[in-house]
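Notes for the one structure printed next.
Residue numbers (full-length UniProt numbering): 1 to 330.
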């Protein structure tokens, strides 16, 4: 019984020892590397473990690179892995570039990958150009008619400008700018409808792909629509604004006229008050004249007769006016 226990203990120790050994030394990975022609020592694999590098992420891409004849080294792949790059994607991009006869070295591919761009996708775009569709870009011709244009831009990735080059948003913005400037220079919207290729030629001649990570191959106008009459709309808005300004000025003049009228009425009332005041002094003056002997009684009576005669003539004249108005109405 004791012998069986000792045998089980020995077996357990051997299994533990093999597990610890294989955790530091991936034996099957080393066999695969040797079978593929990749010369890598056991010490190098153990050192990768100590440097917290997953050996499979270095050895498997190295096997692909060796089979493709890229001539890479373990140190290059391991340094790129430690820098935070995707080793497998870089190797795949190098293989794809080699097959497509695109000049791409490991340092350039590693820099593009560390810059945050998908280097494999860029190589694929160099082989198979991509079509970018812009949204409707609205522009106004010289005759005031709005023209809406949608374009399709065929671009190819430029490997040399992937690091530091602008993206798709810049391409779309620049193409939209070219569309606006071209439509704005057209004398009529009919010119744009008849010759939409003028937009493509003008935009291509401006070199809009400068400083970007792409190379523009062609610009095709897919849709052209006629929008609103912006010129007429702006004229209508201007006329409405002029109307409001004129109404405001007229209201201002009316208010000033009303104020002046009220002022004149106040002056009339003031003058009437002065007249009443002056008339109130007449009886006093006449009384003083009678007392002083400057005015006789007969003179006073003649004055009263004249006033009565004047009032009678006035009332007769008013009655004549009323009769004349009645006959006109008949």
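For glycine and all other residues, C-beta sits at the position ideal for the given N, C-alpha and C.
Asked	Found
Compute the Euclidean distance between the alpha carbons of residue 208 and residue 216, then round it to the nearest angstrom.	8 Å
If you draw a straight line from the alpha carbon of residue 317 to that of residue 288, how long is it in whole angstroms?	35 Å
Report buried or exposed for residue 252, applying the criterion of at least 16 other Cβ atoms within 10 angstroms of its Cβ.	exposed
Secondary structure at residue 163, three-state DSSP: helix, strand or coil?	coil
In the structure shown, what three-state DSSP assignment does residue 317 receive?	helix
Would you say residue 156 and residue 106 are within 8 Å of each other, going by their C-beta atoms?	no
Using CA atoms only, rank isn't needed, just tell me which of 144, 51, 11, 140 is closest to residue 236.	144
What residue ranges within the segment 139-194 form continuous beta strand (DSSP E) runs of no fewer than 3 residues, ordered along the chain?	145-157
Residue range of the beta strand (DSSP E) that residue 217 falls in?	214-229
Is residue 130 helix, strand or coil when you go by DSSP?	strand
Within the same chain, show all residues whose beta-carbon is closer than 6 Å to that of residue 117, passing over the 5 residues directly before and after it, in chain order.	162
Distance check for residue 210 and residue 127, CA to CA, integer angstroms please.	20 Å
Provide the residue span of the alpha helix (DSSP H) that contains residue 197, from first to last.	197-205
How would you write the range of the alpha helix (DSSP H) that residue 42 sits in, first residue to last?	42-50
Relative to the C-alpha of residue 121, which residue among 146, 133, 91 is closest?	91
Taking contact to mean 3 or more Cβ pairs, one atom from each stretch, closer than 8 Å, check whether the segment 129-137 and the segment 162-177 are in contact.	yes
Report the partner residues of residue 137 according to the DSSP bridge assignment.	149
Contact between the segment 146-153 and the segment 173-181: three or more CB pairs below 8 Å?	yes
Under a three-way DSSP split, which group does residue 103 fall into?	coil
Using only the alpha-carbon positions, how far apart do residue 250 and residue 269 sit?	29 Å
Can the beta-carbon of residue 58 be found closer than 8 Å to that of residue 77?	yes
So, with DSSP's three-state summary, where would you put residue 39?	coil
With a Cβ-Cβ cutoff of 8 Å, do residue 227 and residue 147 count as a contact?	yes
Measure the C-alpha to C-alpha separation of residue 174 and residue 124 and round it to an integer number of angstroms.	24 Å
Taking just the CA atoms, how far does residue 259 sit from residue 273?	21 Å
Could you give the DSSP three-state label for residue 117: helix, strand or coil?	coil
In whole angstroms, give me the CA-to-CA distance for residue 32 and residue 102.	30 Å
Would you check if the distance between the CB atom of residue 37 and the CB atom of residue 73 is smaller than 8 Å?	no
Would DSSP call residue 296 helix, strand or coil?	coil
Go to residue 60, then tell me how far its alpha helix (DSSP H) extends in each direction, as first and last residue.	56-68
What does the Cβ neighbour count give for residue 104, buried or exposed, with the cut at 16 atoms within 10 Å?	buried
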